[in-house]
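Comments concern the structure below.
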Amino acid sequence: MNVDPVYLIVALGNPGPEYQFHRHNVGFMVGEELRRRHGLPRLRSRFQGLVGEGSMVGRRVVLLLPMTFMNLSGQAVAQAVRKHRIPVERILAIHDEVELPFGEVRLKEGQGLGGHNGLRSLAQHLGSRDFWRVRVGVGRPAGIDAPLIDHVLAPFSEPREEVLVLVGQAADLVDEWLAARGGACPG
Numbered sequence: 017m018n019v020d021p022v023y024l025i026v027a028l029g030n031p032g033p034e035y036q037f038h039r040h041n042v043g044f045m046v047g048e049e050l051r052r053r054h055g056l057p058r059l060r061s062r063f064q065g066l067v068g069e070g071s072m073v074g075r076r077v078v079l080l081l082p083m084t085f086m087n088l089s090g091q092a093v094a095q096a097v098r099k100h101r102i103p104v105e106r107i108l109a110i111h112d113e114v115e116l117p118f119g120e121v122r123l124k125e126g127q128g129l130g131g132h133n134g135l136r137s138l139a140q141h142l143g144s145r146d147f148w149r150v151r152v153g154v155g156r157p158a159g160i161d162a163p164l165i166d167h168v169l170a171p172f173s174e175p176r177e178e179v180l181v182l183v184g185q186a187a188d189l190v191d192e193w194l195a196a197r198g199g200a201c202p203g
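Pasting the structure below:
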């Protein structure tokens with residue numbers, strides 16, 4: 017019996033309505049867009065997160081929004097990986113990226129964590145940095161001395177329409193990554 021491989025899409029963010037439109041939650045926003053776009057069933061509580069299972073671009077996926085808060089996201093991811101026996105090369109994390117200007121999205125495989133505590137937690141619990149990422153540009157704060165944490169934990173200052181375009185572009189990149197599995201991946 018040949019079973020299609022399962023891909024884990026991890027949308028990073030912080031739980032709670034008070035963080036809903038914050039830069040640090042752009043991963044959750046992309047996850048919700050993917051769920052809507054692909055008609056995944058309502059997310060249910062599982063693996064210390066909200067989970068939707070189904071098909072995206074012809075691939076079996078588990079969509080996970082960890083409810084552990086960003087810095088502990090790896091706990092939820094490790095549970096999903098164990099349950100579904102997903103190797104690290106079939107894991108994609110969607111996260112905010114201060115090193116990219118607002119409006120840019122990029123795909124990256126493995127390497128550094130860029131000081132992102134959510135990615136650090138994933139790497140720690142997976143025992144590897146070799147998972148894929150969709151980096152969603154939220155830019156740096158305007159002032160040189162402005163703390164990054166205040167920037168990422170604040171709501172977007174850009175118009176809502178521009179944020180929704182960014183979310184759509186990131187979801188498109190996830191779709192391209194999934195479509196390319198088994199062949200050359202878009203860069």
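Convert by adding 16 to the 1-based position in the sequence shown; the result is the number in the numbering used here. Don't be surprised by glycine CBs; every beta carbon is placed ideally from N, CA and C. Quick caveat: nothing in here was measured; it's all calculated off a predicted structure.
N-terminal and C-terminal residue of the beta strand (DSSP E) that residue i is part of
i	result
residue 194	Premise fails: residue 194 lies in the alpha helix (DSSP H), 176-195, not in any beta strand (DSSP E).
residue 65	65-72
residue 26	22-27
Contacts around residue i, its chain only, beta-carbon distance under 6 Å, and the 5 residues preceding and following it disregarded
i	result
residue 31	83
residue 185	121
residue 23	75, 77, 106
residue 102	22, 24
residue 92	63, 64, 65, 82, 84
residue 94	141
residue 221	Past the edges of the chain, shown from 17 to 203, lies residue 221, and the structure says nothing about it.
residue 35	41
residue 54	72
Extent of the continuous alpha helix (DSSP H) run through residue i
i	result
residue 162	From DSSP, residue 162 is part of no alpha helix (DSSP H); its letter is neither H nor E.
residue 75	Per DSSP, residue 75 belongs to no alpha helix (DSSP H); it is in the beta strand (DSSP E), 75-82.
residue 170	From DSSP, residue 170 is part of no alpha helix (DSSP H); its letter is neither H nor E.
residue 58	No alpha helix (DSSP H) holds residue 58; DSSP gives it neither H nor E.
residue 42	42-54
residue 100	89-100
Residues near residue i by beta carbon distance below 8 Å, same chain, minus five either side
i	result
residue 190	25, 46, 50, 72, 108, 110, 150
residue 59	51, 66, 67, 68, 79, 81
residue 20	75, 76
Expected contact under 8 Å - CB spacing of residue i and residue j to nearest Å
i	j	result
residue 154	residue 168	7 Å
residue 142	residue 65	Actually they do not touch by this definition, with Cβ atoms about 15 Å apart.
residue 158	residue 38	Going by Cβ atoms, the distance from residue 158 to residue 38 rounds to 17 Å, so no, they are not a contact pair.
residue 182	residue 119	6 Å
residue 164	residue 86	Not confirmed; about 13 Å, so no contact.
Same chain only: Cβ atoms within 7 Å of residue i, ignoring 5 sequence neighbours per side
i	result
residue 188	none
residue 88	137
residue 139	129, 145
residue 44	27, 29, 81
residue 104	142, 144, 146, 147
Proximity test, residue i beta-carbon vs the ligand PLP heavy atom, cut-off 7 Å
i	result
residue 142	The ligand PLP is absent from the structure shown, which contains no ligand whatsoever.
Evaluate the contact criterion for the segment 110-121 versus the segment 130-140: three or more CB pairs, one atom per stretch, below 8 Å. yes
Mind the definition here: the segment 116-127 touches the segment 147-159 only if three or more C-beta pairs lie below 8 Å; say whether that holds. yes
Could you name each continuous alpha helix (DSSP H) segment of 4 residues or more that falls completely within the segment 110-158, going from the start of the chain to the end? 133-142
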